[in-house]
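Chains as they are written, first to last, in this note's numbering: chain A, 12 to 266; chain B, 12 to 266. Cβ atoms here follow ideal geometry from the backbone N, Cα and C, with glycine treated the same way.
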DNA sequence: GAGCTAGACTAACCTGTGTTAGCGAAACAT
DNA sequence: ATGTTTCGCTAACACAGGTTAGTCTAGCTC
C-alpha cells in the first residue's frame, strides 16, 4: 500500500505542491490504518461527534436513507478522497458512509484539523480546495439527476468516474475497474435497477462503453462526452501558486 | 437596511457568538454595498478570478445551464447567505448567479479571506461551518430530486425555505413572502412548469399550503413535514462553543 | 384604451422510466 | 454436488411527469 495520504497529496498536487513540513504534518496527524470489511458502515446517519477520514484504498459510498426505504447515494469516494469533512464541521453526520469493497482509512481528529488551519494555512487552503472540488462534483450530480435523461446521466457518471480514477492512476487508456453493481448505480443516479440495465445496454449498442465483470471500457470517449454534455473539471482550473492572491498571501503567512 | 453582514452574523450565531474584534473585522473587509437590479447576472459560468459576496437584501439564484438550453437551479440565496465561496477557492465559477429581485451584495476579496483564516481562525471556522451547512442543503436537494416524488419534493422545498427565512426573521407564523415564479421553481426541482402548477394545486386541494401573489401560507406544517419526510436542520446540530474539540482549540489559538 | 407581456392555470396526449415478474449464470456454502 | 444467494438481464405493463397548445388576468406602455 502507498504511504499515508500520498494519494490525497497527489490529488492536492493538482492545486499546488506541498512543502516538506506540510507533508510531514499530514503524515503525522493521521491515525494507524483502519481496515473496513466490505459492507461495513463507518459512519451512521445522525451520528454525533465526527472525525474526518482519508480513504487509502478501496471504494465506498456515502448516502442518505428515506423513510420509505429509498436510498440516494451522494458520492462514491475512491482512494485519496476525504470523508466526513462536512460532518466534522457540523458535528453530526448528515449521511452514512459504507465500504463497498474491503477498504482502509486513516482518521484525522478534529483537534488536529484546527491546528492545521492555524499552523499550516497553506495546507488548510488545500483542504478547502478539496472540499470545494467535491462540492462542485455534487453540483454536477444534482444537474445530472435534475436535468439530464437517464442515458446522459449514466454517461456523465462514468466519465466523471474515469477522470477521478485517472487522477490517481487507477484508469488506463479508457479502461478501468469498477466494483459497483447496478443496484448502487441506480441509487446514485436516481433510477431503478432495471432502467440502469436498459441504459447500459443502450450504451453498449451504441458502441460507447461496456460495463462487464467489474470492468469499464469506454470505446468512444468523444461521443460519450458529446452525449453527456461532459466537461473535464481541469478545463477551468488554473493551477499556479504565484498567480493568486489567496495563495500568495497564504504563502507569506506560512513563513 | 441592516448594517453590513449582520444577517450573516445572525446566522453564524446559531453556530457560535462572535467576539468584538471578529465582528469588527467582518465589517471592515466588506466592500461598499453593490446594488443589482432584478435579472442582473453577478457571476457568469466559467468566469475566472472570483471573489466571495454576502447577499444583504433581495433574492437570487445560482444555476448551471445545459447545452440543450435546460437550467438546473442549485440554490436560492436569501439575505445573509454567502455567495461564491466555492468559486473563490476554485478560482473559476462553476455556476452563474443571477438576482431574482433587486438585490444588494457586499464583496469580500480573496486576500481578505486568507487573512481571516490566519488571524481570526474562529471566524474562519464559522465560515467553514456556513459552507458545510450550505453543502448539507445541497445534499438534501440531491436527495429530493433523485428520490422524492414531485409533490414530496415541492413540499420539502418550501419547508426548507420556511426554515431558512425563519432564521433571518423573514417568516412569521407559517407565512412568508416568496418572489419566485413557477418557472424558477420548476428549474430548481427538476420538473416542468406545468407539473409544478399541478403539484401546487394538489397541495392547495389537500389544504397543506397555498402559494398566491408571491405569498406562501403553510396551512398544515405537520402534515407537510410528514408528506415531505422533512427534518429541521437544527435538530441534529449541537451548539456549544465549549463542548467541541474543534472550537475549543480554535478559541485557544485566537488569544 | 389598445396592444403587449408575464405569469398562472388547464386539457389532451405522449413517453421515459418505474413496477412486477420472471430466467440464467456464477460464486459460495454445507 | 446441491442448495442458496447475488447479480445481470429481459419482457410486459402501468403511470408520473413531460409536451403541446392553448386561455385568462393583471400590469405595463404608448
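Beta bridge counterpart(s) of residue i as assigned by DSSP
{"i": "residue 118 of chain A", "result": "A/64"}
{"i": "residue 109 of chain B", "result": "B/52 and B/72"}
{"i": "residue 46 of chain B", "result": "B/115"}
{"i": "residue 5 of chain B", "result": "There is simply no residue 5 of chain B to check, as chain B begins at 12 and stops at 266 in what is shown."}
{"i": "residue 138 of chain B", "result": "Residue 138 of chain B pairs with nothing; no bridge assigned."}
{"i": "residue 228 of chain A", "result": "A/186 and A/221"}
Beta carbon proximity, residue i to chain A, threshold 9 angstroms
{"i": "residue 132 of chain B", "result": "yes"}
{"i": "residue 41 of chain B", "result": "no"}
{"i": "residue 83 of chain B", "result": "yes"}
{"i": "residue 220 of chain B", "result": "no"}
{"i": "residue 52 of chain B", "result": "no"}
{"i": "residue 105 of chain B", "result": "yes"}
{"i": "residue 79 of chain B", "result": "yes"}
{"i": "residue 75 of chain B", "result": "yes"}
{"i": "residue 23 of chain B", "result": "no"}
{"i": "residue 171 of chain B", "result": "no"}
{"i": "residue 232 of chain B", "result": "no"}
{"i": "residue 33 of chain B", "result": "no"}
Option nearest residue i by Cα separation, candidates the options
{"i": "residue 57 of chain A", "options": "A/74, A/41 and A/17", "result": "A/74"}
{"i": "residue 86 of chain A", "options": "A/80, A/72 and A/99", "result": "A/72"}
{"i": "residue 35 of chain B", "options": "B/164, B/127 and B/115", "result": "B/127"}
{"i": "residue 121 of chain A", "options": "A/98, A/106 and A/114", "result": "A/98"}
{"i": "residue 217 of chain A", "options": "A/206, A/229 and A/110", "result": "A/229"}
{"i": "residue 162 of chain A", "options": "A/220, A/66, A/63 and A/191", "result": "A/220"}
{"i": "residue 44 of chain A", "options": "A/154, A/64, A/182 and A/241", "result": "A/64"}
{"i": "residue 109 of chain B", "options": "B/244, B/204 and B/191", "result": "B/191"}
{"i": "residue 49 of chain B", "options": "B/111, B/96, B/83 and B/23", "result": "B/111"}
{"i": "residue 116 of chain B", "options": "B/17, B/235 and B/78", "result": "B/17"}
{"i": "residue 146 of chain A", "options": "A/169, A/227 and A/94", "result": "A/94"}
{"i": "residue 164 of chain B", "options": "B/24, B/61 and B/240", "result": "B/240"}
{"i": "residue 66 of chain A", "options": "A/152, A/235 and A/47", "result": "A/47"}
{"i": "residue 51 of chain A", "options": "A/70, A/40, A/33 and A/38", "result": "A/70"}
{"i": "residue 171 of chain A", "options": "A/160, A/188, A/151 and A/158", "result": "A/151"}
{"i": "residue 103 of chain B", "options": "B/88, B/79, B/55 and B/137", "result": "B/55"}
{"i": "residue 210 of chain B", "options": "B/22, B/167, B/154 and B/157", "result": "B/167"}
{"i": "residue 88 of chain B", "options": "B/82, B/81 and B/96", "result": "B/96"}
{"i": "residue 144 of chain B", "options": "B/92, B/238, B/182 and B/107", "result": "B/92"}
{"i": "residue 159 of chain A", "options": "A/201, A/132 and A/233", "result": "A/201"}
Buried/exposed call for residue i, threshold 16 Cβ in 10 Å
{"i": "residue 90 of chain A", "result": "buried"}
{"i": "residue 180 of chain B", "result": "exposed"}
{"i": "residue 173 of chain B", "result": "buried"}
{"i": "residue 184 of chain A", "result": "exposed"}
{"i": "residue 19 of chain A", "result": "buried"}
{"i": "residue 196 of chain B", "result": "buried"}
{"i": "residue 212 of chain A", "result": "exposed"}
{"i": "residue 194 of chain B", "result": "exposed"}
{"i": "residue 175 of chain B", "result": "buried"}
{"i": "residue 24 of chain A", "result": "exposed"}
{"i": "residue 105 of chain B", "result": "buried"}
{"i": "residue 33 of chain B", "result": "buried"}
Under the three-state DSSP convention, the category residue i falls into
{"i": "residue 186 of chain B", "result": "strand"}
{"i": "residue 56 of chain B", "result": "coil"}
{"i": "residue 36 of chain A", "result": "helix"}
{"i": "residue 162 of chain B", "result": "helix"}
{"i": "residue 179 of chain A", "result": "coil"}
{"i": "residue 82 of chain A", "result": "strand"}
{"i": "residue 28 of chain B", "result": "coil"}
{"i": "residue 168 of chain B", "result": "helix"}
{"i": "residue 222 of chain B", "result": "strand"}
{"i": "residue 200 of chain A", "result": "helix"}
{"i": "residue 94 of chain A", "result": "strand"}
{"i": "residue 87 of chain B", "result": "coil"}
{"i": "residue 208 of chain A", "result": "helix"}
{"i": "residue 193 of chain B", "result": "helix"}
{"i": "residue 213 of chain A", "result": "helix"}
Beta carbon proximity, residue i to chain B, threshold 9 angstroms
{"i": "residue 235 of chain A", "result": "no"}
{"i": "residue 128 of chain A", "result": "yes"}
{"i": "residue 151 of chain A", "result": "yes"}
{"i": "residue 71 of chain A", "result": "no"}
{"i": "residue 243 of chain A", "result": "no"}
{"i": "residue 125 of chain A", "result": "yes"}
{"i": "residue 203 of chain A", "result": "no"}
{"i": "residue 142 of chain A", "result": "yes"}
{"i": "residue 158 of chain A", "result": "yes"}
{"i": "residue 180 of chain A", "result": "no"}
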